[in-house]
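Only one structure is covered here, and it is reproduced in the block below.
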Amino acid sequence: MILRPNLSTPQTTSRSVAPKAAPSAEPTQTGPQDSASLGEYKPGELLLRTRPGFSLASNNNSVVDSLGAQVLGSFDTPGGIHKSETGEFLHLKLPAGVSVEQAMAKLADDPRVEFSAPNTIYKLDEFQMNQNPAPVDDPDMGKLWGLNNEGQTGGKADADIDAPEAWQIHAGRTQSQGGPIIAVIDTGVDYNHPDLQANMWVNPGEIPGDGIDNDGNGVIDDVHGYNAFSDNGDPMDGQGHGTHCAGTIGAVGNNGVGVVGVNQNANIMAVKIFNDEGSTDAAAIVRGIQYATKMGARITSNSWGGPLPNSAIREAFEQSPSALHLVAAGNSGYNNDWLPSFPANYGLDNIVAVAATDHNDELASFSQYGKKNVDLGAPGVDILSTVPGGKYATYSGTSMATPHVSGAATLIASQNPDITNEELRARLEQGTDKVAALDGKTASGGRLNVHKALTMELG
Ligand code: CA
Ligand code: CA
Ligand code: CA
Ligand code: CA
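Printed below as a string of structure tokens:
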């Protein structure tokens with residue numbers, strides 16, 4: 206799904222707002238420019254990071270006091286023991302009569318402030334979602350052209366990621382087998398789905414249903430993950446998108462039902478950042494990324510994004526160096542090197558952006574691309590996977606391409622528990638099949654090949 210800024214004036218399609226400038230005029234990548242175009246945001250709310258040494262409690266002339274603001278919540282600030290060492294990362298309520306623009310302008314040159322950002326509102330874009338929503342009653346491995354393409358859908362044989370070949374080497378590990386955690390940061394996951402249940406992460410420190418935060422991580426009864434939108438322990442998916450992504454990553458293999466994920470055995474953590482109507486805000490996204498980081502996710506899968514940057518979301522990814530974050534390139538068909546899309550364009554080493562290909566190894570007509578800002582392609586057209594209620598459906602989008610790569614990254618990390626992010630990234634990018642449609646349109650020029658990525662000698 207694509208996070209659309211919920212602009213008060215209707216936005217024309219992204220394709221039509223794409224700059225017509227020649228490549229030489231393309232903007233150089235810079236940090237997020239929150240003040241350039243704020244889009245829609247929660248009125249009177251501000252996300253703010255202080256610089257080290259400037260905390261809320263340390264003095265009576267704090268940033269919060271000088272704004273006359275009230276603290277709604279505090280995000281984690283990894284990196285130091287004391288707030289005075291790290292600064293603070295806060296969710297603030299501004300006093301009546303002070304606008305977000307006024308507060309940001311006032312703080313722009315304040316030496317105590319690392320950044321301030323609006324609490325941006327994001328909405329799902331239904332484009333390319335539910336393209337063929339009719340549930341399939343008799344799904345099976347043979348329909349998953351992305352994993353193994355023998356021309357069964359009329360496409361080109363072997364325009365696929367070579368999953369069966371990879372499974373000859375390694376087929377993933379569940380939590381009890383010590384498998385790495387893959388966090389699906391999305392609309393939640395139907396953790397009771399018969400084709401997902403056995404591959405769901407279970408919080409080892411939490412006793413279900415006792416109303417107590419047994420592991421002291423700040424969330425009560427967070428058994429299979431976290432609902433960051435509502436800030437509770439139930440990440441059930443009432444929308445469908447997150448469950449579909451989870452199935453591509455790790456639907457249970459060899460269980461006699463349904464489909465199979467890139468990891469037949471997996472350890473899937475559900476992190477729900479959208480409500481079931483497909484809305485969210487920057488604060489919920491930050492909470493979700495921080496939960497996944499804190500609870501040890503090795504890989505995160507992010508099938509969302511859009512043209513509005515937000516400094517607090519970028520900060521959450523940057524403060525998560527222990528994980529590799531796979532993100533969708535976007536579904537508006539434009540070049541991300543010309544017109545940025547986030548999180549793909551945050552310019553962080555721990556973010557890998559994914560374009561969508563079809564069963565002929567062509568770039569999907571909707572897929573965004575970019576030689577600088579999009580790393581590789583993966584199958585993303587007519588992808589069959591799990592949806593809530595024990596069902597299956599076929600969706601299209603870079604949202605569907607991303608979990609193929611997230612699954613591959615998880616499989617590689619499962620086979621190589623000590624692998625660095627740098628090597629993992631290199632394997633994903635170098636272990637591709639070069640295809641003409643991605644030449645000059647992605648950094649690697651290739652479409653994911655999980656067998657090659659798993660087995661190649663790195664150059
Ligand atoms: Ca193949
Ligand atoms: Ca807990
Ligand atoms: Ca509990
Ligand atoms: Ca299955």
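Residues in the sequence shown are numbered from 206 upward in steps of one, following the working numbering.
Backbone N, C-alpha and C fix where the C-beta goes; we use that ideal spot for every residue, glycine too.
Taking the C-alpha atoms as reference points, what is the distance between residue i and residue j?
i: residue 348; j: residue 428; result: 32 Å
i: residue 654; j: residue 595; result: 29 Å
i: residue 495; j: residue 561; result: 27 Å
i: residue 571; j: residue 646; result: 14 Å
i: residue 335; j: residue 305; result: Low local confidence applies: a pLDDT of 49 at residue 335 is under 50, so the model's placement there is unreliable, with the coordinate-based value given in what follows. So the alpha carbons of these two residues sit roughly 36 Å apart.
i: residue 247; j: residue 367; result: 45 Å
i: residue 437; j: residue 477; result: 10 Å
i: residue 544; j: residue 628; result: 29 Å
i: residue 363; j: residue 356; result: 8 Å
i: residue 626; j: residue 273; result: 42 Å
i: residue 285; j: residue 534; result: Low local confidence applies: a pLDDT of 47 at residue 285 is under 50, so the model's placement there is unreliable, and no value is given.
i: residue 568; j: residue 648; result: 14 Å
i: residue 600; j: residue 443; result: 16 Å
i: residue 514; j: residue 450; result: 23 Å
i: residue 431; j: residue 440; result: 5 Å
Tell me which same chain residues have a C-beta within less than 8 Å of the C-beta of residue i, skipping the five on either side of it?
i: residue 622; result: 383 and 385
i: residue 256; result: 292, 316, 317, 318 and 319
i: residue 340; result: At residue 340 the pLDDT is 44, less than 50, meaning the model places this residue with poor confidence; the figure from the coordinates comes in the next sentence. So the list reads 592, 596, 597 and 598, once near-sequence residues are dropped.
Once the 5 residues before and after residue i are set aside, which same chain residues still bring their CB inside 6 Å of it?
i: residue 403; result: 457
i: residue 639; result: 650 and 651
i: residue 239; result: Low confidence applies here, because residue 239 scores a pLDDT of 45, under 50, leaving its location unreliable; read the following figure in that light. Cβ neighbours of residue 239 beyond the five flanking positions: 322 and 516.
i: residue 405; result: 396, 429 and 473
i: residue 504; result: 387, 529, 611, 614 and 615
Please state whether the Cβ-Cβ distance between residue i and residue j is less than 8 Å.
i: residue 398; j: residue 608; result: no
i: residue 452; j: residue 619; result: no
i: residue 632; j: residue 661; result: yes
i: residue 559; j: residue 606; result: yes
i: residue 587; j: residue 358; result: yes
i: residue 540; j: residue 575; result: yes
i: residue 602; j: residue 536; result: yes
i: residue 665; j: residue 299; result: In the structure displayed, the chain extends from 206 to 664; residue 665 sits before or after that span and is not available.
i: residue 393; j: residue 475; result: yes
i: residue 280; j: residue 491; result: yes
i: residue 532; j: residue 510; result: yes
i: residue 447; j: residue 389; result: yes
May I ask you to check if the CB of residue i is nearer than 7 Å to at least one heavy atom of ligand 3?
i: residue 270; result: no
i: residue 432; result: no
i: residue 436; result: no
i: residue 413; result: yes
For ligand 1, I want to know if residue i counts as a neighbour, meaning its beta carbon is within less than 7 Å of at least one of the ligand's heavy atoms.
i: residue 363; result: yes
i: residue 540; result: no
i: residue 367; result: yes
i: residue 354; result: yes
Can you tell me whether residue i sits near ligand 2, meaning its C-beta is under 7 Å from at least one heavy atom of the ligand?
i: residue 425; result: yes
i: residue 245; result: no
i: residue 420; result: yes
Given the structure, does residue i come close to ligand 4, in the sense that its CB is under 7 Å from one of the ligand's heavy atoms?
i: residue 592; result: no
i: residue 403; result: no
i: residue 460; result: yes
Short of 7 Å in beta carbon distance, which residues of its chain neighbour residue i, apart from the five on each side in sequence? Order them along the chain.
i: residue 658; result: 613, 617, 632, 633 and 636
i: residue 351; result: 365, 366, 584, 588 and 609
Tell me the DSSP bridge mates of residue i?
i: residue 603; result: None; residue 603 has no bridge partner.
i: residue 532; result: 507 and 558
i: residue 391; result: 477
i: residue 278; result: 296
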